[in-house]
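Just so you know, we're using my numbering here: the sequence shown kicks off at 827 and counts up by one. Reviewing the structure listed below.
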Amino acid sequence: MSQRFDCADPTQVILGLTQAEAALRRGELVVMPTDTVYGIAAEAFDPVAVDGLLKAKGRGRDLPPPVLVGTVRAAMALVMDLDDAGKDLIDEFWPGALTIVCRSSPTLVWDLGDTKGTVAVRMPLHQLALDLLKRTGPLAVSSANLSGHPPATSCDEAMAQLGDSVAVYLDGGPCPGDVPSTIVDLTGTVPRLLRQGVIPADRLREVILLNDVQEAGPQDAAGDGTVPDDAGEPDVAGRGDAGEPGVAGRGDAGEPDVAGRGDAGEPGVAGRGDAGEPDVAVHGDAGEPGGVVSQDAGEPDGPGEDAPGGTTPGQEDAPDQGEHSRGPAAG
């Protein structure tokens, strides 16, 4: 039986976050609101949980979910060689409705689906989502809807579609709309616009040089990277599915290389805690070298889904959740 928490009630918020964190650590699914649409989330480093997320939505491994993070540091532990353009985009638009598709760190131990070595990441501009992400570390997040159906913009809509396949529903009230996050592919020589969402191409061009040829395909609004995968958007191997996408350690570590969970402040360990995750993951052959975009970025669009500095609430300084090391070399 699913649990639902009214997060407009201060006492239920605390209990809801605690129960959601516990459910995710058990490999169960959680629905949460984001700054785009509601997203369905799973522990990014638990292959069984990620598979359960895909099955709950009725979609295959060819549409991997994006990864949402609670801090920029967490995102950095998931990707490889982020260039100046990527850093400029993060500085300007995170947290917010921008999902970036990058090559994932080869040291991460996870299985998000057929990602072809890429991950779609986003840090959502939603306090409840950030609070949960800071407790759990990076989450695989896709829009909270069945494949082929519109993304949920309220908790009631998410429950009507996903029912008891989800352990915990965090009701944060209606989302601002059903427009997904914008997705930019950073795996090539020049950044490429894969999906125009909340952030228009003209705004992106004020910050970076942009190839604005967009990929066609369904998108996921939840994970943000998230456009409702079935929101009528073309499903590209991007990870628009909220959050979404990669493995990161859980703690305030922020160091590359080990999917460590907790305050791994040791060199080479990707801690999860203070990390913040993104919303849409492009995992596919979206025309980019080695990349596929699964626009199910569910941002929770990505609540991806589903981004990924600054002092925006929930971005830094979250209390570490203890040492729960994961992955090879995890201390």
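Cβ coordinates follow ideal geometry from the N, Cα and C atoms, glycine included.
Chain-order list of residues whose beta-carbon lies under 6 Å from that of residue i (same chain, five-residue window excluded)
i: Leu880; result: none
i: Leu951; result: Asp861, Pro921 and Gly922
i: Ala868; result: Leu855, Ala875, Val876, Leu879 and Ala966
i: Leu850; result: Val856, Glu869 and Thr962
i: Cys981; result: Tyr995 and Asp997
i: Met906; result: Arg929 and Ser931
According to DSSP, residues forming a beta bridge with residue i
i: Ile1025; result: DSSP, once it has assigned bridges, lists no residue as partnering Ile1025.
i: Ser991; result: Answer is none; Ser991 lacks a bridge partner.
i: Ser828; result: BP columns for Ser828 are empty, so no partner.
i: Ala923; result: In DSSP, Ala923 forms no bridge with anything.
i: Leu996; result: Phe831
i: Asp861; result: Its beta-bridge partners do not exist; DSSP assigns none.
i: Ala946; result: Val927
Minimum Cβ-Cβ distance from residue i to chain B less than 7 Å
i: Ala848; result: The chain labelled as chain B is not found in the depicted structure, where only one protein chain is given.
Minimum C-alpha distance to residue i - residue among the options
i: Pro1006; options: Arg1018, Arg948 and Ala966; result: Arg948
i: Arg885; options: Asp940, Cys928, Lys960 and Tyr864; result: Asp940
i: Lys883; options: Pro932, Asp1004 and Ser968; result: Ser968
i: Ala900; options: Leu843, Leu959, Glu847 and Lys942; result: Leu959
i: Val863; options: Pro932, Pro977, Asp982 and Val1024; result: Pro977
i: Pro890; options: Ile866, Asp910, Met906 and Met902; result: Ile866
i: Val1033; options: Glu983, Asp910, Lys942 and Gln1022; result: Asp910
i: Leu894; options: Thr979, Leu938 and Pro1002; result: Leu938
i: Thr844; options: Asp957, His975 and Cys1001; result: Asp957
i: Leu934; options: Pro873, Thr1015 and Asp835; result: Pro873
Cβ-heavy atom distance, residue i to the ligand SAM, below 6 Å
i: Val876; result: In the structure shown, the ligand SAM is absent, as is every other ligand, since no ligand is present at all.
Residue i to residue j span [Cα, whole Å]
i: Phe831; j: Asp1011; result: 36 Å
i: Ile926; j: Gln829; result: 32 Å
i: Pro932; j: Arg852; result: 26 Å
i: Asp1165; j: Thr1013; result: No statement about residue 1165 is possible, as the shown extent of the chain runs from 827 to 1157 and does not include it.
i: Pro892; j: Thr837; result: 30 Å
i: Asp888; j: Ala946; result: 14 Å
i: Val1024; j: Asp1004; result: 10 Å
i: Ile1009; j: Met902; result: 17 Å
i: Leu924; j: Ala846; result: 25 Å
i: Pro964; j: Cys1001; result: 21 Å
i: Thr944; j: Met827; result: 35 Å
i: Asp835; j: Thr1015; result: 48 Å
Same chain, Cβ closer than 7 Å to residue i, neighbours up to 5 away in sequence not counted
i: Leu1036; result: Pro1017, Leu1019, Ala1027 and Leu1030
i: Cys833; result: Val839, Gly842, Leu954, Leu996, Asp997 and Gly998
i: Ala984; result: Val857, Tyr864, Ala970, Ala978 and Tyr995
i: Phe919; result: Ile1025
Own chain residues within Cβ distance below 8 Å of residue i, not counting five before or after
i: Ala848; result: none
The segment 900-915 in contact with the segment 984-994 per 3-pair CB rule at 8 Å: Two segments are said to touch when three or more pairs of C-beta atoms, one from each, lie closer than 8 Å; by this definition the segment 900-915 does not touch the segment 984-994.
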